[in-house]
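Engineer: Take the sequence shown: its letters are residues 1 to 120, numbered as in the numbering used here. For each residue, glycine too, the CB sits at the ideal point set by N, CA and C.
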Amino acid sequence: MQDAIAELEERLRQAMLASDVAALDELIADDLVFTLPTGALANKQMDLDAHRSGSEKLTAVKFLERQVQIYDKVAIVTVKTELAGTYEGENLTGTYRYTRVWAQPQGRWQIVAGHVSRVL
1 MQDAIAELEE
11 RLRQAMLASD
21 VAALDELIAD
31 DLVFTLPTGA
41 LANKQMDLDA
51 HRSGSEKLTA
61 VKFLERQVQI
71 YDKVAIVTVK
81 TELAGTYEGE
91 NLTGTYRYTR
101 VWAQPQGRWQ
111 IVAGHVSRVL
């Protein structure tokens, strides 16, 4: 199962880089709850809209390290990532730590929750 989650994480990385809204739509659960570095919450529609509109544009997404923990039908992924790009016109280039919770709410693996913090 770890290999399957690693493949999904790579698909997510590629979709983020390409702002591939169709792929992101498939990988993200409809009821996603995601905590941003500011503490604000984002949902699936907000994430898709940011990619669709171009307000989030990533030029590099490099996974530096990743851990996958499997618990029955849930996978928890922590990943340290180097990002380059912009969000709403602001430079977001830097190193970040993501936590993502993968589950199967519709019979396929999707991200149901997540959190990102900047590594200082």
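1. Could you check the C-alpha separation between E90 and D72 for me, to the nearest Å?
2. Mind the definition here: the segment 31 to 41 touches the segment 101 to 117 only if three or more C-beta pairs lie below 8 Å; say whether that holds.
3. Please give me, in chain order, every unbroken run of the alpha helix (DSSP H) with length at least 4 that falls completely inside the segment 39 to 69.
4. Is R100 buried or exposed, if buried means 16 or more other CB atoms sit within 10 Å of its CB?
5. For V119, which of helix, strand or coil comes out of DSSP?
6. If you run the structure through DSSP and keep just helix, strand and coil, what is E82?
7. Where does Q2 sit, in a helix, a strand or coil, going by DSSP?
8. What does DSSP give as the partner residues of R97 in its beta bridges?
9. DSSP three-state call for D25: helix, strand or coil?
Structural biologist: Answer, in terms of the structure:
1. Sequence index remark: in the sequence shown, residue 90 carries index 90 (1-based). Sequence index remark: in the sequence shown, residue 72 carries index 72 (1-based). Whole-angstrom Cα-Cα distance: 39 Å.
2. yes
3. 44 to 53
4. Locating residue 100 in the sequence shown gives position 100, counting from the first residue. With 16 or more Cβ atoms within 10 Å of its Cβ, R100 is classed as buried.
5. As a first step, residue 119 must be located in the sequence shown, where it is residue number 119. Residue state, collapsed to three classes: coil.
6. Position 82 of the sequence shown, counting from 1, holds the residue named residue 82. Strand at E82.
7. Position 2 of the sequence shown holds residue 2. DSSP places Q2 in helix when its eight states are reduced to three.
8. Within the sequence shown, the letter at position 97 stands for residue 97. According to DSSP, residue pairing for R97 in a beta bridge involves K80, S117.
9. Mapped onto the sequence shown, residue 25 falls at position 25. Three-state DSSP puts D25 in a helix.
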